[in-house]
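> Sequential numbering of the sequence shown, starting at 21, is according to my numbering.
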Amino acid sequence: MSESLRQLAELFQENNQFVILSHVRPDGDAFGSSIGLAFILKEMGKEVRVFNEDGPSDVYAYLAGSLSVEKTPVEPPVGSPKVIAVDCSTQERLGERFQGWGVRPDANIDHHPDNPGYAAINWIDPRALATAEIIARTARDLGLPLCAEAAAALYVGILTDTNSFSFRPLRPETLELAASLIRSGADPEILSWRTFRNFSLNRFHLLREILNRTRFSAENRIAFYRLDADLYAKTGTTSLEVENFLNYLQLVQTVQVAFMVEEIGPQLTRISLRSIPLIDIRPVAAHFGGGGHRNASGARASLPVAEAERQLLEQILPLLRSTS
21 MSESLRQLAE LFQENNQFVI LSHVRPDGDA FGSSIGLAFI LKEMGKEVRV FNEDGPSDVY
81 AYLAGSLSVE KTPVEPPVGS PKVIAVDCST QERLGERFQG WGVRPDANID HHPDNPGYAA
141 INWIDPRALA TAEIIARTAR DLGLPLCAEA AAALYVGILT DTNSFSFRPL RPETLELAAS
201 LIRSGADPEI LSWRTFRNFS LNRFHLLREI LNRTRFSAEN RIAFYRLDAD LYAKTGTTSL
261 EVENFLNYLQ LVQTVQVAFM VEEIGPQLTR ISLRSIPLID IRPVAAHFGG GGHRNASGAR
321 ASLPVAEAER QLLEQILPLL RSTS
């Protein structure tokens with residue numbers, strides 16, 4: 021047993037109150053990891069609250085425990101609960117409200133390769149394709165209780181972060197852990213259906229608008245679009261509902277890199293990037309001070325959206341593969 025895993029086991033055993041947080045604009049792995057770990061700790065008899073800067077998500081409302089996710093409070097909870105960060109590459113990405121608490125997380129469970137290890141205990145495995153995979157393996161190795169609700173949440177975390185088990189490098193262990201979650205009560209058919217065929221009509225209209233404004237460049241090897249607040253207002257949606265929309269741009273056989281830019285302030289642009297397996301997109305995210313995974317990265321750039329878009333095209337072009 022590694023020292024980090026031993027320390028994490030002690031943290032779980034020796035404390036009774038916990039707070040679990042994940043990154044802003046949470047995705048399936050952030051929610052699945054948070055909710056799954058919360059169920060595990062509750063099965064151990066612990067008191068657990070799950071916080072997120074953006075609060076609960078309608079997209080994952082089908083998961084048991086999802087509606088108990090709370091918007092991160094401005095003040096830390098009473099009783100000094102132990103703070104566990106999951107699926108969050110930096111402490112800053114836990115959100116401004118948590119930063120106001122003025123505390124350091126007690127544990128940091130993550131799979132992002134650029135995670136600097138910002139907590140007292142850092143259980144980080146960049147080989148894992150999802151943080152939910154790490155938590156499932158931890159529960160197995162430590163003999164922690166895994167109810168069907170926890171198994172379902174962790175399965176969704178793995179399912180979404182692997183894009184339905186399609187991202188590389190897909191290791192046998194990932195599939196074996198997913199199988200163990202199915203044996204513990206996760207229903208793969210229902211969870212796949214609820215995850216990928218669960219659009220509200222408004223979200224469908226949002227996707228339609230995004231596809232209509234998608235542009236192509238570099239012999240159709242780059243696909244990209246801009247997002248703005250007016251689009252959310254027009255379709256009655258929120259920023260949490262655009263998760264994984266870049267996957268639709270990658271359905272075009274010529275597309276090697278897809279990206280999205282969203283103006284979130286006068287001089288602040290959110291960037292999301294996806295690439296084919298042969299292209300490492302992380303250097304592009306790093307140019308803007310961001311990071312992530314080889315084929316899925318992001319950043320927040322202190323630039324107007326048009327300038328961020330121009331620089332992205334400039335940075336991506338040298339990475340493209342020849343079409344000849």
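In this text, a Cβ means the ideal position worked out from N, Cα and C, and glycines have one as well.
Please read these numbers as outputs of a predicted model, since none were measured by experiment.
(1) Whole angstroms are fine: how far does the CA of R147 sit from the CA of R191?
(2) Counting only the same chain and skipping the five closest in sequence on each side, list residues whose C-beta sits under 6 Å from that of R121.
(3) Considering only DSSP beta bridges, list what D130 is partnered with.
(4) Can you tell me which of the three DSSP states F276 falls into?
(5) Find the nearest neighbour of A243 within the set G285, L332, G309, judged by alpha-carbon distance.
(6) How about the stretch 93-107 and the stretch 29-41: do they share at least three Cβ pairs that are nearer than 8 Å?
(7) Assign E329 to one of two classes, buried (16 or more other C-beta atoms within 10 Å of its C-beta) or exposed (fewer than that).
(8) Closest by CA to L226, which one among Y268, G56, S237, L211?
(9) So what's V281 in DSSP terms, helix, strand or just coil?
(10) Considering just the uninterrupted stretch of the alpha helix (DSSP H) at N72, what are its terminal residues?
(11) Beta-carbon separation of P133 and Q111 under 9 Å?
(12) Using the beta-carbon count (16 or more within 10 Å), is D49 buried or exposed?
(13) With distances taken Cα to Cα, identify the nearest neighbour of V281 among D300, A305, Q273.
(14) Note down, in chain order, each residue of its chain lying with its Cβ closer than 8 Å to the Cβ of Q287, except the 5 sequence neighbours on either side.
(15) Among N240, G75, P136, R45, which one has its Cα closest to the Cα of L420?
(16) What residue range does the beta strand (DSSP E) around T289 cover?
(17) Check whether the Cβ atoms of L260 and R113 sit closer than 9 Å, and answer yes or no.
(18) Going by DSSP in three states, F265 sits in which element: helix, strand or coil?
(19) In this structure, how does DSSP classify Y82 when only helix, strand and coil are distinguished?
(20) Take the Cβ of W143 as the centre, count every other Cβ of all protein chains shown within 10 Å, and call the residue buried at 16 or more, exposed below.
(21) Starting from Y175, trace the alpha helix (DSSP H) both ways and give me its first and last residue.
(22) Suppose the cutoff is 7 Å on Cβ atoms and the five residues either side in sequence are ignored; what does the same chain contact list for R69 look like?
(23) Between L211 and Y175, is the Cβ-Cβ spacing less than 9 Å?
(24) Give the DSSP bridge partners of A316, in chain order.
(25) Going by DSSP, which residues form a beta bridge with V106?
(26) For the beta strand (DSSP E) holding R160, just list the boundary residues, first then last.
(27) Restricting to runs no shorter than 3 residues, where is the beta strand (DSSP E) found entirely within the stretch 219-269?
(28) Can you tell me which of A156, Y82, P93 puts its alpha carbon nearest to the alpha carbon of I202?
With the given structure in hand:
(1) Their backbone Cα atoms lie some 9 Å apart in a straight line.
(2) Before going on, a small fix: residue 121 reads as Trp here, not Arg. P96.
(3) I144
(4) Per the sequence shown, the amino acid found at residue 276 is Gln instead of Phe. Residue state, collapsed to three classes: coil.
(5) Of the residues G285, L332, G309, the one whose Cα lies closest to the Cα of A243 is L332.
(6) Verdict: yes, contact present.
(7) buried
(8) Closest by C-alpha distance to L226, out of Y268, G56, S237, L211, is Y268.
(9) In this structure, V281 counts as strand in the three-state DSSP scheme.
(10) No alpha helix (DSSP H) contains N72, which is instead part of the beta strand (DSSP E) from 67-72.
(11) no
(12) Buried: at least 16 other Cβ atoms inside 10 Å.
(13) A305
(14) S322, L323, P324
(15) The structure shown has nothing for residue 420, since the chain only spans 21 to 344.
(16) Under the DSSP assignment, T289 falls in the beta strand (DSSP E) whose first and last residues are 288-295.
(17) no
(18) Coil.
(19) coil
(20) buried
(21) 168-181
(22) V39, E90, P97
(23) yes
(24) For A316, which the question treats as bridged, DSSP gives the partners R294.
(25) S42, I129
(26) R160 -> not in any beta strand (DSSP E); alpha helix (DSSP H) instead, spanning 151-162.
(27) 235-237, 242-247
(28) A156
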